[in-house]
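Q: Numbering (our numbering), first residue to last: 740 to 1095. No residue lacks a Cβ here, since even glycine has one placed at the ideal position from N, Cα and C. Computed from a predicted structure; not experimentally measured.
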Amino acid sequence: MHENTVLCLFVFLPLLFGGGLLLFARRTDRSGQPVRWPRLVMGNLLVLLFLVSFLPPAGEIYYRFFYDTTDALYYTKVSQRWFQRHWHTNSNGIRDNMEYPAPLTPGKRRITFIGDSFTAGHGIRDIEDRFVNRIRRAHPEWEVHMIAMPGFDTGNELESFTRLLQANYEVDIVVLVYCLNDISDMMPEFYDAVNRLRADARQSGWLQRNSYFVNILYHRLNVRREPIMKDYFSFVGAGYRGPLGDRQKERLKALHDLVQSHKGRLVVVTFPFLNALGSRYDYRDVHAMLDRYWQTLHVAHLDLLPLYEHLPPQKMTISPYDAHPNEYASRLAADAMDAFLSTLLTGKPAGPAKAP
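(1) Which residue or residues does DSSP assign as beta-bridge partners of L762?
(2) With DSSP as the reference, identify every bridge partner of G854, one or two as the case may be.
(3) Please classify R849: does DSSP put it in a helix, a strand, or coil?
(4) Here's a check: name, in chain order, each residue in its chain whose Cβ is nearer than 8 angstroms to the Cβ of K847, leaving out the five neighbours to either side.
(5) Indicate, with yes or no, if the ligand ADP has a heavy atom lying under 8 angstroms from the CB of A1075.
(6) Leaving out the 5 sequence neighbours to the left and right, which residues in its chain are closer than 7 angstroms to V1025 when beta-carbon positions are compared?
(7) Let me make sure I understand the geometry here. Which of L762, D768, F805 has the alpha-carbon closest to that of V786?
(8) On the three-state DSSP scale, how would you describe E742?
(9) Should M740 go down as buried or exposed, given a rule of 16 or more other Cβ atoms within 10 Å for buried?
(10) Less than 8 angstroms between C-beta atoms, sequence neighbours within five positions excluded: which residues of the same chain meet that for A993?
(11) Is the CB of F891 under 9 angstroms away from at least one CB in chain B?
(12) Quick test of your reading: Y917 and V1007, contact by CB under 8 angstroms. State the CB separation rounded to the nearest angstrom.
(13) Go through the segment 869-914 residue by residue and report every complete run of the beta strand (DSSP E) that reaches 3 residues or more, in order.
(14) On the three-state DSSP scale, how would you describe P1064?
(15) Locate the alpha helix (DSSP H) running through F789, then write down its first and last residues.
(16) Between T851 and I886, which are expected to be in contact by the criterion C-beta below 8 angstroms, what is the C-beta distance as a whole number of angstroms?
(17) So if DSSP puts F1010 in a beta bridge, which residue, or which two residues, is it bridged to?
(18) Taking the DSSP output, what are the residues bridged to S1058?
(19) First and last residue of the alpha helix (DSSP H) that includes H995?
(20) Cα-Cα, which of P795, A764, L991 is closest to M781?
(21) Rank Y802, G894, T893, R775 by C-alpha distance to the C-alpha of V745 and give the top, closest one.
(22) Give the secondary structure of R864 by DSSP, where H, G and I count as helix, E and B as strand, and everything else as coil.
(23) Could you tell me which residues DSSP puts in a beta bridge with R1004?
(24) Less than 7 angstroms between C-beta atoms, sequence neighbours within five positions excluded: which residues of the same chain meet that for L903?
(25) Going by beta carbon distance, what residues of the same chain come within less than 6 angstroms of K1093, once the five residues before and after it are set aside?
(26) Between the C-alpha atoms of T767 and V933, what's the straight-line distance to the nearest angstrom?
(27) DSSP puts D1042 in a beta bridge; with which residues?
(28) Figure out for me which residue from A1075, L1005, V750 has the closest Cα to the Cα of L1036.
(29) Can you tell me whether L748 is helix, strand or coil according to DSSP?
(30) According to the Cβ coordinates, are I866 and N836 closer than 9 angstroms?
(31) Relative to the C-alpha of I1057, which residue among P1051, N1065, L1050 is closest?
(32) Let me know the secondary structure DSSP gives P795 once reduced to three states.
(33) Assuming L1013 and P1052 form a contact by the criterion Cβ under 8 angstroms, report the distance between their Cβ atoms to the nearest whole angstrom.
(34) Can you tell me the Cα-Cα spacing of D1077 and F756, whole angstroms?
(35) Between the segment 923-930 and the segment 1015-1024, do at least 3 Cβ pairs fall closer than 8 angstroms?
(36) What three-state label does DSSP hand T844 in the structure shown?
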């Protein structure tokens, strides 16, 4: 109801300023006097206001009815509406179009993906376009499940997977889809920044709450003003180069041991920061550190950095405001993971992912 009120108000603006401009022009003509500079300034100002008044209704119509995508933090009206339209879950609360039986299915290998929003397909409208479903479609002889939620970090993944195993869920191959920001839950500064942004959103004014156009402009500017959000990826990368890096390794080993204790095998796929791709990618040392660590645990590891590093970031991500992998990036990941998993299951050594 309030959203319709905002739209009506915005549509009324050009009528208001157009009427004022027309009235001003008629009065100027009737006066029959030479146009002096104060009246000339007033006329130009009315023309400017009339032209600018088309921006709010045009923006409101575009962001309300046509612009359908996500932001990285899920707190704009546009992103919340996207989730209402495209995010549908099974009985386990997981974004999927099938149910997950707890016992292993005889005659099938079970592949269980664990991850966060990258794995769940944040920003990908049709779940059949994300890498989990592509792999499932390519291998009907496999039983492909996914335990992933937006916002999950390693702590959340470890906790949720523990609960799943306690509910008698049986495992075979467990694929940890690792993102470099999975260390973020041990960084209180990051969560303080996110909470400030969300608190600000809850305390926003009537127009910001009910206008798609005003809401998205406000939040984009607000994120830019938050220091940690402006330099989020460097902030996360620095975490690996201090004591947090060792604590993260302990949590990853705990997940590895948990899978092994239930007769499963853990393998890992690592995503790079897609928005930071290029010749000056600043997180190669983090990838190398993680790869060495998985080698010490004898865990098969597929690093997707070689797959993506020569591709432009804008081709890989949802939008400039959302660095999650888009459909194209997910397809490339599916092909690389398919070859990686197929090689593991046939006992042949897996080669590195190749760039297209």
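A: Taking the geometry as given:
(1) The partner list for L762 (beta bridge, DSSP) is empty, contrary to what the question assumes.
(2) Note: G854 sits in a beta bridge opposite A887.
(3) Per DSSP, reduced to three states, the secondary structure at R849 is strand.
(4) E880, W881, E882.
(5) Ligands are entirely absent from the displayed structure, and the ligand ADP is therefore not among its contents.
(6) Excluding sequence neighbours, V1025 sits near L919, G976, Y979.
(7) Taking the Cα of V786 as reference, the smallest distance to any Cα among L762, D768, F805 is reached at L762.
(8) Judged by DSSP in its simplified three-state form, E742 adopts helix.
(9) Burial call: exposed.
(10) L897, listed in sequence order.
(11) In the displayed structure, chain B is absent; only one protein chain is listed.
(12) Confirmed, Cβ separation roughly 6 angstroms.
(13) As for any beta strand (DSSP E) of minimum length 3 sitting wholly inside the segment 869-914, the runs are 881-887, ordered along the chain.
(14) In the structure shown, P1064 sits in a strand (DSSP, three-state: E or B).
(15) 776-791 is the extent of the alpha helix (DSSP H) around F789.
(16) About 6 angstroms; that satisfies the 8 angstroms criterion.
(17) In the DSSP secondary-structure assignment, F1010 is bridged to C918.
(18) The partner list for S1058 (beta bridge, DSSP) reads D1061.
(19) 982-1000 is the extent of the alpha helix (DSSP H) around H995.
(20) For M781, the closest C-alpha among the options P795, A764, L991 is that of A764.
(21) By alpha-carbon distance to V745, the top candidate from Y802, G894, T893, R775 is Y802.
(22) R864: coil per DSSP, three-state reduction.
(23) DSSP lists I912 as partners of R1004.
(24) Within the same chain, Cβ atoms closer than 7 angstroms to the Cβ of L903 are found at I886, the five residues on either side in sequence being excluded.
(25) Annotation note: pLDDT 45 at K1093 (below 50); position unreliable, coordinate value reported separately. For K1093, where only same-chain residues beyond five positions count, there are no Cβ hits under 6 angstroms.
(26) About 54 angstroms.
(27) In DSSP, D1042 forms a bridge with T1009.
(28) Shortest Cα-Cα distance from L1036 to any of A1075, L1005, V750 involves L1005.
(29) In this structure, L748 counts as helix in the three-state DSSP scheme.
(30) In this structure, I866 lies near N836, with their beta-carbon atoms less than 9 angstroms apart.
(31) For the residues P1051, N1065, L1050, the minimum Cα distance to I1057 belongs to N1065.
(32) DSSP, read as helix, strand or coil, puts P795 in helix.
(33) Right, the Cβ-Cβ distance comes to about 6 angstroms (below 8 angstroms), so this counts as a contact.
(34) Going from the Cα of D1077 to the Cα of F756 covers about 60 angstroms.
(35) The segment 923-930 makes no contact with the segment 1015-1024: fewer than 3 CB pairs, one atom from each, lie closer than 8 angstroms.
(36) DSSP places T844 in coil when its eight states are reduced to three.
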